[in-house]
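Enquirer: In my numbering, the protein residues as written are 61 to 289.
#1: Rounding to the nearest angstrom, what Cα-Cα distance links residue 224 and residue 71 in this structure?
#2: Kindly indicate which three-state DSSP category residue 65 falls into: helix, strand or coil?
#3: Tell me which residue opens and which closes the beta strand (DSSP E) that residue 191 is part of.
#4: Taking the C-alpha atoms as reference points, what is the distance between residue 266 and residue 140?
#5: Mark residue 282 as exposed unless 16 or more other C-beta atoms lie within 10 angstroms of its C-beta, in which case mark it buried.
#6: Kindly confirm or deny that the segment 120-127 and the segment 148-162 touch, where touching means at least three C-beta pairs closer than 8 Å.
#7: Give, in chain order, every unbroken run of the beta strand (DSSP E) that is at least 3 residues long and sits entirely within the segment 82-120.
#8: Looking at the structure shown, is residue 286 part of a helix, part of a strand, or coil, going by DSSP?
#9: Between the segment 189-196 and the segment 76-89, can you find at least three pairs of beta-carbon atoms closer than 8 Å?
#10: For residue 276, which three-state DSSP category applies?
#11: Look up residue 125 in the DSSP assignment and give the residues it is bridged to.
#12: Determine the direct distance from the alpha carbon of residue 286 to that of residue 238, and round the result to whole angstroms.
#13: Of the choices 235, 162, 193, whose alpha-carbon is the least far from that of residue 171?
#14: Quick check: the Cα distance between residue 101 and residue 207, rounded to an integer number of angstroms?
#15: Residue 185 to residue 200, Cα distance in whole Å?
#16: Looking at C-beta atoms only, is the number of pairs between the segment 253-263 and the segment 220-236 that lie closer than 8 Å three or more?
#17: Express the C-alpha separation of residue 181 and residue 211 in angstroms, rounding to a whole number.
#18: Tell me whether the beta-carbon of residue 143 lies closer than 7 Å to the beta-carbon of residue 112.
#19: Kindly indicate which three-state DSSP category residue 197 falls into: helix, strand or coil?
Written out as structure tokens, the structure reads:
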């Protein structure tokens, strides 16, 4: 079994990197963003290179991710795992912290030497005003390389998370080659909206603030095969 979660991601997109892997909707803003496996892989690689080349982090390092479900959150999480980091679940000491601009106050519960804020803009634009003590993730990550092939061992924490994700995919009825429609307001845990589909080699259509009147059409236009309850 792979012991780096991002290696699972790389293996999942290897056969067809250009297929739509993650499609993001926010019905509160009208946003729709579609990422192929290759495009998401570029963001993951840039994030991993930021962590390893600029911050000198790797296996044994820890990260805090104070971000809601979002396609940029997927890039941050997978980038952290690609570098071999463990994503902490409880406040404490970590090496690096990523926070949505509207959640930077929560960072006070964590101790982190390096802090990045995200605007989560539909077009991945940088923050208009960067919070004190933070760097802008989008600005910083763009200068890094589009490829990352090291995938150092993630260790027992990664292996355990992969096992949990595979078990969760079975619980949720996600099958290989499924295209899964997910209400992320009901399923905010990355185990549900990111890792379970990924380990099942499924693609996802993620919906924030979903408008129930739009869902039947969306299921048709996006050719979804499964909807999480």
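For every residue, glycine included, the Cβ atom is placed at its ideal position computed from N, Cα and C.
Expert: On the basis of the data shown:
#1: Position 164 of the chain shown, counted from the start, is the residue given in the question as residue 224. Position 11 of the chain shown, counted from the start, is the residue given in the question as residue 71. Rounded to the nearest angstrom, the two C-alpha atoms are 18 Å apart.
#2: Here residue 65 is taken as the residue at index 5 of the chain shown, counted from 1. Looking at residue 65 - three-state DSSP - the assignment turns out to be helix.
#3: If you number the chain shown from 1, residue 191 lands on position 131. First-last for residue 191: undefined, no H or E at that position.
#4: As a first step, residue 266 is located in the chain shown; it is residue number 206 there, counting from the start. As a first step, residue 140 is located in the chain shown; it is residue number 80 there, counting from the start. Rounded to whole angstroms, residue 266 and residue 140 show a C-alpha spacing of 21 Å.
#5: By one-based count along the chain shown, residue 282 stands at place 222. Label assigned to residue 282: buried.
#6: These segments touch.
#7: 91-96
#8: Sequence index remark: in the chain shown, residue 286 carries index 226 (1-based). Three-state DSSP puts residue 286 in a strand.
#9: No: fewer than three Cβ pairs fall under 8 Å.
#10: For the purposes of this step, residue 276 is taken as residue 216 along the chain shown, with counting starting at 1. Of the three classes helix, strand and coil, the one that applies to residue 276 here is helix, per DSSP.
#11: Here residue 125 corresponds to residue number 65 of the chain shown, with the count starting at 1. Note: residue 125 sits in a beta bridge opposite 158.
#12: Numbered from 1 along the chain shown, position 178 holds the residue referred to as residue 238. Numbered from 1 along the chain shown, position 226 holds the residue referred to as residue 286. Answer to the nearest angstrom: the Cα atoms are 7 Å apart.
#13: Here residue 171 corresponds to residue number 111 of the chain shown, with the count starting at 1. Considering only alpha carbons, the answer is 193.
#14: Position 41 of the chain shown holds residue 101. Position 147 of the chain shown holds residue 207. Each residue's Cα considered, the two are about 8 Å apart.
#15: Here residue 185 corresponds to residue number 125 of the chain shown, with the count starting at 1. Here residue 200 corresponds to residue number 140 of the chain shown, with the count starting at 1. Cα to Cα, the separation comes out at about 12 Å.
#16: yes
#17: As a position in the chain shown, residue 211 is number 151, starting the count at 1. As a position in the chain shown, residue 181 is number 121, starting the count at 1. In this structure, the CA atom of residue 211 is about 28 Å from the CA atom of residue 181.
#18: Along the chain shown, one-based indexing puts residue 143 at 83. Along the chain shown, one-based indexing puts residue 112 at 52. Yes, Cβ-Cβ distance for residue 143 and residue 112 is below 7 Å.
#19: Translated into positions along the chain shown, residue 197 becomes position 137. Looking at residue 197 - three-state DSSP - the assignment turns out to be helix.
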